[in-house]
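Numbering (this note's numbering), first residue to last: 30 to 295.
Glycine is no exception: its CB is placed at the ideal position from the N, C-alpha and C atoms.
Read through the structure below, which is laid out as C-alpha cells, and then see the notes.
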C-alpha cells in the first residue's frame, strides 16, 4: 500500500527521520567500551576462566548497563599509554593515584588484594615497626636495600614518593621475582596473591627461597581509570558504576569472586 503524503507532511517526516539518524536512534547497535589491561593472574589473564574475576566483574557490570566490552591485553606501560592518548576508553585494574587522576577519572572500587614486600628467606631483613601504622619509619629503616618495582606501576603513595630508596625497574612482576631469587635485588614490591600464583604455577623452585613480609603494607582496592581523552568517558563511567552497584546489591559480585577464590586466595 502506498502512503500519500502532502508536501508539508513529507517535510515533517524527513525532519523526524533526520533527527533520529543524527541521534543514532535508528542506527544504534550495541554500545561498546574499549579497555586496556595486562596479564596479571590470578586477578586477570587470558589463561584464567572468564579471563579472571576482575575481567568477569567488569564485563558483567557493563552488561547490566547495556554495554559490550572490548578488552585488549598489553604490557602495562603500553596499556597506560593508551589512556594517555585516548586510544582506549579505560585502563584496569588500577590502583587509585592522584597523579593518574590528572589523566583519567576513577570508577567506584571493587576488591583487590594485599600488597607489600617479598624477600629471600635467607636474609635477616625485617620491619622495625608496624608498616600499617608507621610506614615512613619502616621505609627509612630499609633504605640500605635495593627494591624491585615494575615500570609504570602505582604501588603505594609513601613508597612511590620515597626518593631516598633505591628502586630498580623491571617489565613485570615475574621479572622482579627472578631478580630477587638470584639476589639482584633485596626486596620487591608486589601483590601477595600475584607472587604466590607466579611461584606456584611457573617457578615452584622459588617456593623454598622466597616469602612475603607480613604484615602487608596495604589492602588494595581496584578501579577502572577512564581516559579524559576518550569521547563519552563520563557516560561510560556512570554506566560502569551503575552496573557495579547492581552486581553488588544482588550478590553477583560475591558469587563471581567465590568461583575464582581457590585460585587467587591460595
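Query                                                                                                                                                                                : Result
Got a sec: is the Cβ-Cβ distance from residue 67 to anything in chain D below 8 angstroms?                                                                                           : The structure shown contains no chain D; it is built from a single protein chain.
What's the gap between the Cα of residue 138 and the Cα of residue 281?                                                                                                              : 15 angstroms
Can you tell me whether residue 236 is buried or exposed? The criterion is at least 16 other CB atoms within 10 Å of its CB, across all chains shown.                                : exposed
When the Cα of residue 267 is compared with those of 238, 79, 134, 147, which residue comes out closest?                                                                             : 134
Can you name the residues that DSSP bridges to residue 248?                                                                                                                          : 143
Residue 196 lies in the alpha helix (DSSP H); which residues open and close that run?                                                                                                : Where residue 196 is concerned, there is no enclosing alpha helix (DSSP H), although the beta strand (DSSP E) it sits in stretches over 195 to 199.
For residue 164, which residues of its own chain have a beta-carbon under 7 angstroms away from its beta-carbon, when the five flanking residues on both sides are left out?         : 187, 246
Tell me the DSSP bridge mates of residue 177?                                                                                                                                        : 197, 217
Going by the CB atoms, is the gap between residue 149 and residue 206 shorter than 8 angstroms?                                                                                      : no
Under the rule that 16 or more other beta-carbon atoms within 10 Å means buried, what is residue 118, buried or exposed?                                                             : buried
Assess, as a yes-or-no matter, whether the stretch 271 to 289 is touched by the stretch 169 to 177 under the definition of 3 or more beta carbon pairs within less than 8 angstroms. : no
How should residue 52 be labelled, buried or exposed, when 16 other C-beta atoms within 10 angstroms of its C-beta is the threshold for buried?                                      : Low confidence applies here, because residue 52 scores a pLDDT of 47, under 50, leaving its location unreliable and the question unanswered by this model.
Using the C-alpha atoms, what's the distance from residue 130 back to residue 256?                                                                                                   : 9 angstroms
Taking the alpha-carbon positions, what's the residue 155 to residue 204 distance?                                                                                                   : 23 angstroms
Using the three-state DSSP reduction, which class does residue 236 fall into: helix, strand or coil?                                                                                 : coil
Residue 190: buried (16+ other C-beta within 10 angstroms of its C-beta) or exposed?                                                                                                 : exposed
Span of the beta strand (DSSP E) holding residue 99?                                                                                                                                 : 96 to 102
Okay, do the stretch 269 to 281 and the stretch 83 to 93 touch, 3+ Cβ pairs below 8 angstroms being the bar?                                                                         : yes
Determine the direct distance from the alpha carbon of residue 226 to that of residue 11, and round the result to whole angstroms.                                                   : Only positions 30 to 295 of the chain appear in this structure, which leaves residue 11 out of reach.
Indicate the three-state DSSP secondary structure (helix, strand or coil) for residue 225 in the structure shown.                                                                    : helix
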